[in-house]
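Only one structure is covered here, and it is reproduced in the block below.
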Amino acid sequence: QALLYIVATPIGNLGDMVPRAVEVLQCADLVAAEDTRHSQRLFSHFNIDTPLMAYHDHSDDKRTEQILQRLEQGQTIALISDAGTPLISDPGYRLVRQARERGIKVSPIPGACAFVAALSAAGLPSDKFSFEGFLPAKPGARERALQGLVDDGRTLVFYEAPHRVVGTLEAMATVFGGRREAVIAREVSKAFEIFQLMPLVKLVEWVRADSNQQRGEIVLLVRGAERSRESELDAEAQRIMSLLLAELP
Ligand code: SAM
5 QALLYIVATP IGNLGDMVPR AVEVLQCADL VAAEDTRHSQ RLFSHFNIDT
55 PLMAYHDHSD DKRTEQILQR LEQGQTIALI SDAGTPLISD PGYRLVRQAR
105 ERGIKVSPIP GACAFVAALS AAGLPSDKFS FEGFLPAKPG ARERALQGLV
155 DDGRTLVFYE APHRVVGTLE AMATVFGGRR EAVIAREVSK AFEIFQLMPL
205 VKLVEWVRAD SNQQRGEIVL LVRGAERSRE SELDAEAQRI MSLLLAELP
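For the record, in the sequence shown the residue sitting at position 40 is 44 according to full-length UniProt numbering, with numbers rising by one throughout.
The structure is reproduced here in structure tokens:
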């Protein structure tokens, strides 16, 4: 039976590879990978010799079609990205969508995901959050995107490139205010993993003062807006009040 597996791979520490992921990659007829050379290293570490095919955001419809046809012939294909969970700021949506439209079974092999790992250890509220992925690279568009989030009460989670982290933190301090708490989570699961939680105004300084903090892989998390949390509380208080009032004789 045709089966498309969406397989998570480690975000830095190869020890985080789940056994089922190794098994599925070993047994698949083909593995579609963002960067085949990069994935070759993972394959040699886990003794996987399944054929690899490049599949990335720039892949044309022909490539997607090729994979879909092989699935329709009954092959088992696995999709991986360079690191973490495919489709999370990574390619794969078009393939998954079209596979489902053609009635092909799609099944995930869960594993590492950088923003989930960062959120789980950051120390910011995690009951409600919004994963925003990468902000626009251009400063104007980045600031507009941040403006749109200024009243959001949920913890905001971003991916950021190291050479943009200072500029982005500065923009966040300007738009959200320097007192808003934020966390930089860097090199999660790797040798130089570090989490730093501070008000934005201090975090900008801390990152600016140490060029090591402007390297590697980075997740930024920002505490949600207070005001909206208060009005949520108000709404909850009003809800309870009206329930109580309804019970009064
Ligand atoms: N699909 C991946 C996932 O599940 O997290 C994300 C892919 S995205 C192209 C790459 C971005 O994820 C990096 O620029 C960085 O923001 C974040 N990232 C990946 N690995 C990380 C790590 N070990 N520590 C911190 N951030 C990481």
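Glycine included, each C-beta is placed from N, C-alpha and C at the ideal position.
Of the listed residues VAL226, GLY171 and TYR97, nearest to VAL154 (C-alpha basis) | Here the closest residue by C-alpha is VAL226.
So does VAL187 have its beta carbon nearer than 6 Å to some heavy atom of the ligand SAM?
-> The answer is no for VAL187.
Does the ligand SAM have a heavy atom nearer than 6 Å to the CB of GLY88?
-> A distance criterion of 6 Å places the beta-carbon of GLY88 in contact range of the ligand SAM, judged by its closest non-hydrogen atom.
Give me the Cα-Cα distance between LEU128 and THR80, rounded to the nearest whole angstrom.
-> If I take the Cα positions, the gap works out to 40 Å.
Mind checking whether the beta-carbon of ASP94 lies closer than 6 Å to any heavy atom of the ligand SAM?
-> ASP94 has its Cβ nearer than 6 Å to a heavy atom of the ligand SAM.
For the alpha helix (DSSP H) that SER48 lies in, which residues bound it at each end?
-> Residues 40-49.
Three-state secondary structure (DSSP) of PHE199 | Strand, per DSSP.
Could you tell me which of ARG184, SER63 and ILE222 sits nearest to GLY137, measuring between CA atoms?
-> Ranked by how close their Cα comes to the Cα of GLY137, the residues ARG184, SER63 and ILE222 have ILE222 in first place.
Relative to the ligand SAM, is the shortest distance from any of its heavy atoms to the C-beta of TYR163 smaller than 6 Å?
-> Checking the Cβ of TYR163 against the ligand SAM gives yes.
Beta-carbon gap between PRO140 and ALA149 smaller than 7 Å | Here PRO140 is near ALA149, since their CB atoms are less than 7 Å apart.
Whose C-beta lies closer than 6 Å to the C-beta of GLN30 among residues of the same chain, with five residues either side of it excluded?
-> Around GLN30: ILE52.
Secondary structure at GLU147, three-state DSSP: helix, strand or coil?
-> If DSSP states are grouped into helix, strand and coil, GLU147 belongs with the helices.
Helix, strand or coil for ILE244, going by three-state DSSP, please let me know.
-> Residue state, collapsed to three classes: helix.
Chain-order list of residues whose beta-carbon lies under 8 Å from that of GLY220 (same chain, five-residue window excluded) = Within the same chain, GLY220 has close Cβ partners PRO166, ARG190, GLU191, LYS194 and PHE196.
With a Cβ-Cβ cutoff of 7 Å, do LEU56 and VAL28 count as a contact?
-> No, the Cβ-Cβ distance between LEU56 and VAL28 is not below 7 Å.
For the ligand PLP, is there a heavy atom less than 6 Å away from the beta-carbon of GLY157?
-> Absence of the ligand PLP from the depicted structure is noted, with the ligand SAM being the only ligands included.
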